[in-house]
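*Asks:*
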Amino acid sequence: MDAKALPYKPNPKLPRQVLPVLQPEVRAKSADEVALGFAEREVSVEAQRCLQCPKPACVNACPLHIDIKRFISRLAQGDPEGAVDVISEQSPFPGVCGRVCQHELFCEDACLIGKKFGPVAIGSLERFAADHARLAKKTLTPGAFPAPTGKKVALVGSGPASLIAAFDLVRKNYRVTVFEALHKLGGVLAYGIPNFRLPREILHEEIARLQNMGVEFVTSFIVGKTASLEELFEEGFEAVFIGTGAGLPFMLGIPGENLIGVYTANEFLTRINLMEAYKADAVTPVRVGKRTIVVGGGNSAMDAARWAKRMGSETIVLFRRGRAEMRARLEEIEHAEEEGIQFHFLAAPVALYGDESGTVREIECIEMRLGEVDSSGRPSPVPIPGSEFRLEVDTVVAAIGQAPNPTLQRVTPQLITKRGKIVVNEAGETSMALVYAGGDVVRGGSTVILAMRDGRAAAEAIDKALSGGPAAAAELPAEVQG
Amino acid sequence: MNKVLAKKQLGPEVFQLEIEAPRIQKRWKAGQFVIIRPNSNSERIPLTLVQSDADRESITIVIQAIGNTTKETVEKEPGDFLVDVVGPLGEAASMCEGQRVVCMAGGVGVAEVLPVASAFREAGNHVTALCGARSDGLRILDAELKTSVDDLRWATDDGSFGFHGNVLQLLQSFAQPGDFGVGHVIGPIPMMKAVANATRDWGMKMYASLNPVMIDGTGMCGGCRVTVGDKVKFACVDGPEFDAHLVDFDELARRNRAYREMEQRVLADHVCRIGLGGA
Ligand code: FES
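Chains A and B supply the protein sequences, listed in that same order. Going by my numbering, the first residue of the first sequence is number 7, and it counts up by one from there. Going by my numbering, the first residue of the second sequence is number 2, and it counts up by one from there.
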């Protein structure tokens with residue numbers, strides 16, 4: 007669309023609108039969503055900041071290639087439902103992505119006015135469009151979808167990678183079944199991401215969009231255990247996508263890590279997010295004491311720390327590098343700081359000590375200094391001899407990363423892996439014919455939106471393989487061929 | 002959703018449930034387990050697979066109704082549904098052939114040892130089963146065990162049937178080091194620990210099937226971790242069976258106890274731990 011033809015005049019000099027959030031004192035005691043979202047007034051200003059570039063870099067930078075320019079133009083014209091329609095051409099998850107996608111690394115990073123005026127708040131606009139449509143009870147299924155009748159495709163895991171693959175495949179008339187190991191859908195979106203960042207209704211409703219389109223979801227089904235990959239093929243599935251995520255937590259590897267009160271971030275977050283241990287009548291409890299120490303500097307560390315704080319614990323994040331080296335989103339770090347979470351940088355745990363009952367009581371740490379840049383591209387932490395110190399603690403959460411869950415790989419030796427990660431080519435093809443993989447099972451710990459990009463790429467490759475000629479096993483890089 | 006096909010009471014608080022589960026029936030092996038949730042607000046609990054029936058496409062589990070979730074489960078009647086049954090989980094029990102094998106079990110462990118004992122026998126071993134109960138009337142699955150092993154012996158705490166004492170005392174009453182090449186033990190932690198300690202110098206392999214607290218059962222959370230030798234293992238994927246002589250049973254007991262206490266506290270007075278009722 008030509009900017010001149012617009013019924014409004016883009017103006018990047020308008021002030022970048024600030025996303026309203028719950029007061030820190032309020033949210034530190036509540037499971038309610040922290041970000042409140044834009045009101046219409048803020049949207050009309052923010053949307054007009056978009057220049058409507060002829061060649062929008064944001065669209066290119068978006069891993070899903072959502073037509074950002076066009077949806078913002080709809081918002082600027084006061085048509086949020088139209089905006090959702092535009093987003094829905096590429097993604098049925100504007101409510102989820104508007105909240106958890108790291109826009110600052112993709113579309114907003116590419117925004118032309120970013121350097122001078124601060125980028126258009128694309129994420130918050132996406133979220134507004136989604137919430138508006140939701141409140142207006144707009145049917146979120148774009149167009150009428152007859153039940154799919156095509157070939158059967160199985161998607162393993164119901165996290166972000168599979169969800170977008172399901173969307174793409176069902177639109178091409180494939181009969182898609184998503185198999186989930188847990189009893190709730192969403193994968194990491196359900197067990198990993200807290201309600202206060204992603205309210206569960208939003209997740210459920212956007213997954214329901216896929217159900218309405220004819221995607222079948224099967225919970226409590228572990229591919230590799232309940233059925234093997236081979237059995238899926240025998241049962242008529244013609245291609246399988248593995249999006250089983252990075253569900254194998256790293257342990258601290260220090261004395262005392264099995265003491266009571268010591269959790270991996272996965273367990274801590276699963277108990278709270280999935281099993282709802284934050285509720286007074288929850289049957290799966292979590293032990294949050296007077297003081298919680300969360301070890302790590304990524305998003306899971308922030309999520310765990312912010313839950314611990316909400317559950318009444320004095321909370322300290324212990325990170326072996328500095329604030330600048332944290333992997334967590336800046337927004338989450340700032341939110342955590344505002345909520346009164348303390349940060350102890352340049353320190354790492356060396357041992358945990360317990361009482362007679364085997365419950366953790368003390369943590370011994372060592373101070374670090376920053377040394378040479380390591381393989382992660384960050385200065386490596388170097389222990390300072392003799393700097394050990396101890397803190398009293400009753401809950402410790404290890405949020406130091408995770409590796410791919412090995413369940414399916416263990417029983418499927420034909421699937422080539424490298425350091426636990428399934429090896430794929432650009433199209434997401436694995437070493438097995440018609441078996442594809444993407445997301446964290448391929449990447450290790452990564453982000454929701456890159457998992458979605460993988461799911462989309464795999465869906466395209468699956469469509470190509472199933473609609474065209476015979477498929478062969480993928481050509482993989484020479485060094486990993488088994 | 003899995004349908005309950007049959008229910009049978011085996012003892013005062015012990016029930017046998019036959020559940021429709023065609024896929025699990027087809028794939029399970031002795032030593033594996035399922036995780037169930039009886040109702041939509043229930044916690045996830047692991048239960049050992051005991052039997053299956055190919056014609057009825059069913060599996061059988063035996064449950065001791067001691068906690069809230071197990072009680073909810075045994076309240077189910079034929080025709081009712083369990084909201085979730087997922088499995089088969091864990092690794093199958095380690096097998097061998099041509100050996101003299103002793104299987105030792107106490108409490109509901111007696112039900113859980115049944116498939117393992119039968120598998121040992123089918124694999125061509127001579128199988129002795131030592132089973133414990135508090136008293137004669139509380140013995141379970143006697144008939145099934147009898148047909149599945151070569152030598153079945155009972156021990157009762159009050160001496161009302163078989164040997165007067167526990168299964169370890171029973172073992173010690175007739176067996177010497179060298180009599181058995183392989184053993185498998187399942188039951189309460191103190192019993193497994195005692196068996197492990199007593200057989201450490203017997204020059205035999207002794208496996209213990211562990212029962213830590215679990216959530217996902219897929220290796221994702223690490224809540225089920227146990228120390229085996231100098232390694233941390235996840236019982237749900239690496240186990241549930243480990244070398245009994247290497248397991249840190251004290252740690253396992255402490256971790257299980259901590260959760261049991263918390264659960265009881267939650268159930269007893271619905272403590273508002275955090276006051277986050279909403280959302
Ligand atoms: S139960 Fe979660 S890892 Fe074993």
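Idealized CB from N, CA, C, for every residue including glycine. None of these values were measured; they are calculated from a predicted model.
If you check the beta carbons only, do Pro166(A) and Ala457(A) fall under 7 Å apart?
*Replies:* Yes, the Cβ-Cβ distance between Pro166(A) and Ala457(A) is below 7 Å.
*Asks:* Under three-state DSSP, which class holds Ala106(B)?
*Replies:* Looking at Ala106(B) - three-state DSSP - the assignment turns out to be strand.
*Asks:* Okay, do the region 71-90 of chain B and the region 137-147 of chain B touch, 3+ Cβ pairs below 8 Å being the bar?
*Replies:* The region 71-90 of chain B vs the region 137-147 of chain B: no contact.
*Asks:* Please go through the region 113-176 of chain B and give each complete alpha helix (DSSP H) segment of 4 or more residues, from N-terminal end onward.
*Replies:* The region 113-176 of chain B contains these whole alpha helix (DSSP H) runs: 143-149 and 168-175.
*Asks:* Does the beta carbon of Met308(A) fall short of 6 Å from some heavy atom of the ligand PLP?
*Replies:* Looking at this structure, you won't find the ligand PLP anywhere; what it does contain is the ligand FES.
*Asks:* Which one of His189(A), Leu161(A) and Glu320(A) has the shortest CA to CA distance from Phe247(A)?
*Replies:* Residue Leu161(A) is the option with its Cα nearest to Phe247(A).
*Asks:* Residues of chain B with CB under 9 Å from Ser473(A), in chain order?
*Replies:* Going along chain B, no residue has its Cβ under 9 Å from Ser473(A), so there is no contact; the nearest lies around 30 Å.
*Asks:* For the ligand FES, which residues count as neighbours when the test is a C-beta closer than 7 Å to any heavy atom?
*Replies:* Residues with a Cβ closer than 7 Å to any heavy atom of the ligand FES, in chain order: Glu273(A), Met215(B), Ile216(B), Asp217(B), Gly218(B), Thr219(B), Gly220(B), Met221(B), Cys222(B), Gly223(B), Gly224(B), Cys225(B), Phe235(B), Ala236(B), Cys237(B) and Val238(B).
*Asks:* Counting along the chain, where does the beta strand (DSSP E) carrying Lys9(B) start and finish?
*Replies:* Asn3 to Gln10 is the extent of the beta strand (DSSP E) around Lys9(B).
*Asks:* Based on the DSSP secondary-structure assignment, which residues constitute the bridge partners of Gly184(B)?
*Replies:* Gly184(B) pairs with Val103(B) and Met207(B).
*Asks:* When the distance is taken between beta carbons, is Arg122(B) closer than 7 Å to Val128(B)?
*Replies:* Cβ distance < 7 Å, so Val128(B) and Arg122(B) count as in contact.
*Asks:* For Tyr197(A), which beta-bridge partners are listed by DSSP?
*Replies:* Answer by DSSP bridge pairing: none, since Tyr197(A) is not bridged.
*Asks:* Compare the C-beta of Leu254(A) with all C-beta atoms of chain E and state if any pair is closer than 7 Å.
*Replies:* Looking at the structure shown, chain E is missing, and the protein chains on hand are A and B.
*Asks:* Taking DSSP as the reference, what is the three-state secondary structure of Ala9(A)?
*Replies:* In this predicted model, Ala9(A) has a pLDDT of only 47, less than 50, meaning its place in the structure is not dependable; the value taken from the coordinates is given anyway. Three-state result, Ala9(A): helix.
*Asks:* Could you tell me which chain B residues have their CB closer than 9 Å to the CB of Ala187(A), listed as they occur along the chain?
*Replies:* Here the neighbours are Val87, Asp217, Gly218, Thr219 and Met221.
*Asks:* Less than 8 Å between the CB atoms is what I'm expecting for Ala195(B) and Leu169(B), so what's the real figure, rounded?
*Replies:* With a Cβ gap of about 5 Å, Ala195(B) and Leu169(B) count as contacting.
*Asks:* Leaving out five residues on either side along the sequence, give the residues of the same chain with a beta carbon under 6 Å from the beta carbon of Asp469(A).
*Replies:* So the qualifying residues of the chain are Lys178.
*Asks:* Cα separation between Thr157(B) and Ser36(A)?
*Replies:* Rounded to the nearest angstrom, the two C-alpha atoms are 53 Å apart.
*Asks:* Based on Cα-Cα distance, which residue from Ile36(B), Ser43(B), Leu171(B) and Ala22(B) lies nearest to Thr290(A)?
*Replies:* It is Ser43(B) whose Cα lies nearest to the Cα of Thr290(A).
*Asks:* Buried or exposed, going by whether 16 or more other CB atoms sit within 10 Å of the CB of Ile322(A)?
*Replies:* The residue in question, Ile322(A), is buried, as its Cβ has 16 or more Cβ neighbours within 10 Å.
*Asks:* In the DSSP assignment, find the alpha helix (DSSP H) that holds Asp85(B) and state where it starts and stops.
*Replies:* Per DSSP, Asp85(B) belongs to no alpha helix (DSSP H); it is in the beta strand (DSSP E), Asp85 to Leu90.
*Asks:* Pick helix, strand or coil for Leu25(A), following the three-state DSSP scheme.
*Replies:* Residue state, collapsed to three classes: coil.
*Asks:* Taking Cβ-Cβ distances shorter than 9 Å, what residues in chain A pair up with Val233(B)?
*Replies:* Here the neighbours are Met257, Gly259, Glu263 and Asn264.
*Asks:* Does the Cβ of Ser79(A) have 16 or more other Cβ atoms within 10 Å, making it buried, or fewer, making it exposed?
*Replies:* Buried, because 16 or more other Cβ atoms sit within 10 Å of the Cβ of Ser79(A).
*Asks:* Enumerated in chain order, which unbroken segments of the beta strand (DSSP E) with a length of 3 residues or greater are wholly contained in the region 258-290 of chain A?
*Replies:* If we require 3 residues or more, the beta strand (DSSP E) runs fully inside the region 258-290 of chain A come out as 268-270.
*Asks:* Look at the alpha carbon of Ala357(A) and the alpha carbon of Pro261(A), and state the distance between them as a whole number of angstroms.
*Replies:* About 5 Å.
*Asks:* Please list, in chain order, all residues of the same chain as Arg367(A) whose beta carbon is under 8 Å from its beta carbon, the five residues on each side excluded.
*Replies:* Cβ neighbours of Arg367(A) beyond the five flanking positions: Tyr359, Gly360, Asp361, Glu398, Val399 and Asp400.
*Asks:* Nearest chain B C-beta to Ala357(A) closer than 7 Å, yes or no?
*Replies:* No, Ala357(A) does not count as interfacial toward chain B.
*Asks:* Is the Cβ-Cβ distance between Gly88(B) and Ile25(B) less than 7 Å?
*Replies:* Yes.
*Asks:* Using beta carbons (cut-off 7 Å, strictly below), is Ala280(B) in contact with chain A?
*Replies:* In this predicted model, Ala280(B) has a pLDDT of only 34, less than 50, meaning its place in the structure is not dependable enough to derive any value.
*Asks:* Could you spell out where the alpha helix (DSSP H) holding Met374(A) opens and where it closes?
*Replies:* No alpha helix (DSSP H) contains Met374(A), which is instead part of the beta strand (DSSP E) from Val366 to Val379.
*Asks:* Between the alpha carbons of Leu317(A) and Ile228(A), how many angstroms are there, rounded?
*Replies:* One point to set straight first is that residue 317(A) is Met, not Leu, in the sequence displayed. Straight-line Cα distance between these residues: approximately 32 Å.
*Asks:* Pull the bridge partners of Gln420(A) from the DSSP assignment, please.
*Replies:* Per DSSP, none; premise fails for Gln420(A).
*Asks:* Rounded to a whole number of angstroms, what is the C-alpha to C-alpha distance between Glu240(A) and Gly249(A)?
*Replies:* Roughly 20 Å between the two C-alpha positions.
*Asks:* Please name the residue, chosen from Pro26(A), Lys424(A) and Ala311(A), that lies closest to Gln348(A) on a Cα-to-Cα basis.
*Replies:* Of Pro26(A), Lys424(A) and Ala311(A), the residue nearest in Cα terms is Ala311(A).
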